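Take a look at the structure set out below.
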Amino acid sequence: MSITSGIPSPLKLRPRGDGRAEQRSSADLPAKMTARGVKVFYCAKQALKGIDLDIHENRVLALIGPSGCGKSTFLRCLNRMNDTVEGCRVEGRIALDGEDVYGKAVDAVQLRARVGMVFQKPNPFPKSIYDNIAYGPRIHGLASGRDELDEVVQTSLKRAGLWGEVKDRLREPGTSLSGGQQQRLCIARAIAVSPEVILMDEPCSALDPIATAHIEELIDELRANYTIVIVTHNMQQAARVSQRTAFFHLGEMVECDDTEEIFTNPRDERTQGYITGRYG
Amino acid sequence: MTDLVEQDVSAVTPSPASSSGSNTPVKSRVRSEAFARRLRARHVAERRFRLAGAAAVALAALMLVVLLGSIVAKGSTAFWEARIRLEVTLDPAEVAERNYAPILRRALHAQFPQVTDRAGKRVLNDLLSSGAPYELEAMVAKNPALVGTTLTVWVRADDEIDQLVKGRYRRDLPESERGLSDAKIAAADALLASGALAQGFNTTLFTAGDSREPEQAGIGGAIVGSLLTLLVTMALSVPVGISAAVYLEEFAPKNRWTDLIEVNINNLAAVPSIIFGLLGLAVFLGFFGMPRSAPLVGGLVMALMTLPVIIISARVALKAVPPSIREAALGIGASPLQTVLHHVLPLAMPGILTGTIIGMARALGETAPLLMIGMVAFIVDVPHGLTDSATVLPVQIYMWADSPERAFTERTSAAILILLGVLILLNGTAVILRKIFERRW
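Chains as they are written, first to last, in the working numbering: chain A, 1290 to 1569; chain B, 3 to 443.
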């Protein structure tokens, strides 16, 4: 196995080497979201060449692959964030609970409330910490009254592991927090509208290792309640936080399997090359 | 989870072996003589450039000082006016007939008992402003109890006397070239000596409308006219301009049509303002039959002229809002409109406000289009509504600059000073609003 030759096996870095049954294979579980033959074009350029992928409930799916391979594009298809990109065209079928998200019956606004997103760069609103969290529930009318809103804000911040750090400064601007805290604030903001799926686009790429560790821990905890898809460049991170991993290369999905399988026993040569650091 | 942190740190810390680079000594090329020469040349070039910049700034400042200095020197005296003190006896019979001029004349003649002939008395009469009787009338109207009493009043002097007091007539010139008779000068000197001729703050300048007589002319009407015009301009161009900018920037698809619209808006911003005046004349006056010289039409024309400026500056401000904010809002399910109203527009507000106020300042200082729609008329009354005949500050300045009387020269400069003051006020407001609305992200 070439894994042993170069970098240390990512699996050795796993925070817990548990052999829980749920992790052995996720492939049999019901899919929360399914993608079938997803093709994306930016004007004339094809970015995705037919992706078939299942996203399982209460699991973390990691999308890995070299830059420009289309993993972020795929992620942004899942909650139709690509709608805002000029000249972007999506073909194929993406379903959430069996319903086509690009269908006529689905409203993008409602979809994005069900499929939340956390971005690469922390992007809190230039408002107070409280208002950052409360904004989503307010516009969706999820909380009636002041007390309920306070409750939502508190729960979201607690789930994002930020409550202890900010509970005395909820009125301060969200931009005054550190980078890692800002990212957790963004996660709390996404949680506040109680989505079913959370998409994370390289959430830790702008953070230091300690803040990254916080976020990874958080992702693992959030898995109990949410389905998570995370794009990452960091293979150790993929190995640490995900149960399933999909490897993208040049707009194709090369391989998708249980994370353990991908990292120990990749079937495709390209996957093996990438995870052992030969390219990417 | 602490072990994860440690592992993570160790994972990213580079091993000591990889950090040590090659230390082979290479003769540095930046130490050579030629390099030192080039470096000196670079520093000289930099000093030269800085000097040129400083010189340009100094030249601009000098020109500003000369310009402002000349205006202030000419115009500052207009804020004072010459007044004559009179002991008037308000005869009830004359008051009843509203015949105030003889009352004033009698009081003035009483101060010159030696003058008995009609020519001499006419000279004395000419010392008083033709508006002085109205001043007295206004006084009586305010306090009818004054009728029948004798009281001391200060009334306006004629503009020639006013200019004489301010030293704008050259006494060393012969009478024929001076434009002011020796007799008048003698009478005025006598009044000055007795303290019956003095200068007071010129409130007329701020409250009155236009007049043929400089001492009765003021920019009150023009200021109100400007305000009304600006009100119409703002009410139309700000909402329309911001809406258009938001639509074009945030919602419109980028295709050939929107490109065409964008090019046209940019071109419109460069169209000479008189063209907008012609358009106003043809469309608003000619086709819709709106009233001539009205602030309503002036405001409409100005709104058309200001719109491109506002749209362009608002689009720039909207473009400057980081896309991450839009993504953040859309990502938690805000509708595009909510994204714009709650996040993008508030962040773009300082820039939009600055553009708007600059557009407004331009509209305030604009003359040409208003000439076309008849706002150049001689209007004595202060306008009370949007359809009343009115003029605006810059047009008033233009008209006064055309008048031959010396006193109007002074008032022209004073009006320019006031216009500049209003513009500075507007721009100052822009800066303050910017500071207030500015938020960091």
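Glycine included, each C-beta is placed from N, C-alpha and C at the ideal position.
Source: prediction; values computed, not measured.
- Message: Runs of 4 residues minimum, wholly inside the stretch 253-330 of chain B: which ones carry the alpha helix (DSSP H) assignment?
- Response: For the stretch 253-330 of chain B, the continuous alpha helix (DSSP H) assignments of 4+ residues that do not extend past its boundaries occur at 258-271, 275-282, 297-321, in sequence order.
- Message: I'd like the list of long-range same chain contacts for L2/B, defined as Cβ closer than 8 Å, with 5 residues on each side in sequence excluded.
- Response: Beyond the ends of chain B as shown, which are 3 and 443, falls residue 2/B; an answer cannot be given.
- Does the beta-carbon distance from A330/B to F1408/A come in below 9 Å? Going by C-beta atoms, A330/B is nearer than 9 Å to F1408/A.
- Item | R85/B versus K186/B - alpha carbon distance | Whole-angstrom Cα-Cα distance: 15 Å.
- Query: How would you label W402/B, buried or exposed, when you count the other beta carbons within 10 angstroms and need 16 or more for buried?
  - Reply: In summary, W402/B is buried, with 16 or more beta-carbon neighbours lying within 10 Å of its beta-carbon over all protein chains present.
- Query: Do you know how far the Cα of L1318/A is from the Cα of R436/B?
  - Reply: Taking C-alpha positions only, R436/B is separated from L1318/A by approximately 56 Å.
- Query: So which residues on chain B does R1460/A lean against when the C-beta distance must stay under 9 Å?
  - Reply: Per Cβ cutoff of 9 Å: no residues; R1460/A is ~15 Å from chain B at best.
- Query: Would the beta-carbon of R1478/A fall within 9 Å of that of P1413/A?
  - Reply: Here R1478/A is near P1413/A, since their CB atoms are less than 9 Å apart.
- Query: Should C1332/A go down as buried or exposed, given a rule of 16 or more other Cβ atoms within 10 Å for buried?
  - Reply: With a threshold of 16 other beta carbon atoms within 10 Å, C1332/A falls short and is exposed.
- Item | Chain-ordered residues of the stretch 387-406 of chain B with a beta carbon less than 7 Å from chain A | From the stretch 387-406 of chain B, no residue has a Cβ closer than 7 Å to chain A.
- Message: Beta carbons nearer than 8 Å to chain B: which residues of the stretch 1359-1375 of chain A have them?
- Response: Against chain B - using a Cβ distance shorter than 8 Å - the residues of the stretch 1359-1375 of chain A are N1368, M1370, T1373, E1375.
- Kindly list the residues whose CB is nearer than 8 Å to the CB of L110/B, restricted to its own chain and excluding five residues on each side of it in sequence; keep chain order. Correct list, in chain order: I86, L88, L126, N127, L129, L130.
- Anything in chain A within Cβ reach of I327/B, meaning under 7 Å, just list it in chain order. Those are N1412, F1414, listed as they occur along chain A.
- Query: What does a CB cutoff of less than 7 Å around T1521/A pick up in its chain, not counting 5 residues either side in sequence?
  - Reply: Take T1521/A, set aside five residues on each side of it, and the residues of its chain with a beta-carbon closer than 7 Å to its own are A1351, I1353, E1491, A1527, in chain order.
- Item | Backbone CA spacing between L106/B and N204/B [nearest angstrom] | Cα atoms of L106/B and N204/B: separation of roughly 20 Å, rounded to the nearest angstrom.
- Message: Please list, in chain order, the chain B residues whose beta carbon lies closer than 8 Å to that of I1508/A.
- Response: Under the 8 Å cutoff, chain B gives no residues; its nearest Cβ is about 12 Å from I1508/A.
- Can we say the stretch 285-295 of chain B touches the stretch 211-226 of chain B, given the rule of at least three CB pairs closer than 8 Å? Pairwise C-beta distances place the stretch 285-295 of chain B out of contact with the stretch 211-226 of chain B, as fewer than three of them are shorter than 8 Å.
- Can you tell me which of V248/B, A363/B, G181/B puts its alpha carbon nearest to the alpha carbon of P406/B? The residue with the shortest Cα to Cα distance from P406/B is G181/B.
- Query: Residue ranges of each beta strand (DSSP E) run of no fewer than 3 residues wholly in the stretch 59-112 of chain B, ordered along the chain?
  - Reply: As far as the stretch 59-112 of chain B is concerned, its whole beta strand (DSSP E) runs of at least 3 residues are 82-91.
- Query: Who are the neighbours of M1406/A on chain B, taking C-beta pairs under 9 Å?
  - Reply: Neighbours of M1406/A on chain B, chain order: E329, A330, L332, G333, I334.
- Message: I believe G1453/A touches L1496/A by the beta-carbon criterion, under 8 Å. Please report the beta-carbon distance rounded to the nearest angstrom.
- Response: G1453/A to L1496/A, Cβ: 19 Å. No contact.
- Item | At least three beta-carbon pairs within less than 8 Å, the stretch 1322-1338 of chain A to the stretch 1372-1381 of chain A | A contact exists between the stretch 1322-1338 of chain A and the stretch 1372-1381 of chain A.
- Message: For A365/B and T411/B, what's the separation of their Cα atoms in angstroms?
- Response: Distance between the alpha carbons of A365/B and T411/B: 24 Å.
- Query: By the 10 Å Cβ neighbour count, where 16 or more other Cβ atoms means buried, how is T1293/A classified, buried or exposed?
  - Reply: Note that T1293/A scores a pLDDT of 40, beneath 50, so its modelled location is shaky and nothing firm can be said.
- Are at least three pairs of beta-carbons, each pair with one atom in the stretch 376-393 of chain B and one in the stretch 193-212 of chain B, less than 8 Å apart? A contact between stretches requires three or more CB pairs, one per stretch, nearer than 8 Å, and the stretch 376-393 of chain B meets this requirement with the stretch 193-212 of chain B.
- Item | CB contact below 9 Å: H344/B versus chain A | Output row for H344/B: interface = yes.
- Query: Under three-state DSSP, which class holds G1540/A?
  - Reply: G1540/A: coil per DSSP, three-state reduction.
- Message: Is Q1283/A close to chain B? Criterion is C-beta to C-beta, closer than 9 Å.
- Response: One cannot answer for residue 1283/A here, as it falls past the ends of chain A, which runs 1290 to 1569.
- I359/B beta carbon less than 9 Å from that of L395/B: No, they are not a contact pair.
- Message: What are the residues in the stretch 1338-1353 of chain A lying within 7 Å of chain B by C-beta distance?
- Response: Interface annotation for the stretch 1338-1353 of chain A against chain B: empty, criterion Cβ-Cβ distance under 7 Å.
- Where L1431/A and D1420/A are concerned, what is the direct C-alpha to C-alpha distance, given to the nearest angstrom? If I take the Cα positions, the gap works out to 14 Å.
- Just the C-alpha distance for P310/B and L372/B, rounded to the nearest angstrom, thanks. Approximately 18 Å, taken between the alpha carbons.
- Task: Under 7 Å between beta-carbons, which chain B residues line up against G1425/A? List them in chain order, please.
- Result: Under the 7 Å cutoff, chain B gives I334, G335.
- Query: CA-CA distance, C1545/A and I354/B?
  - Reply: Taking the Cα positions, C1545/A is about 49 Å away from I354/B.
- Task: Look at the alpha carbon of P241/B and the alpha carbon of T151/B, and state the distance between them as a whole number of angstroms.
- Result: Distance between the alpha carbons of P241/B and T151/B: 59 Å.
- Query: In its own chain, which residues sit with a C-beta less than 6 Å from the C-beta of E1549/A, not counting the 5 before and 5 after it?
  - Reply: Excluding positions up to five away in sequence, the list is empty.
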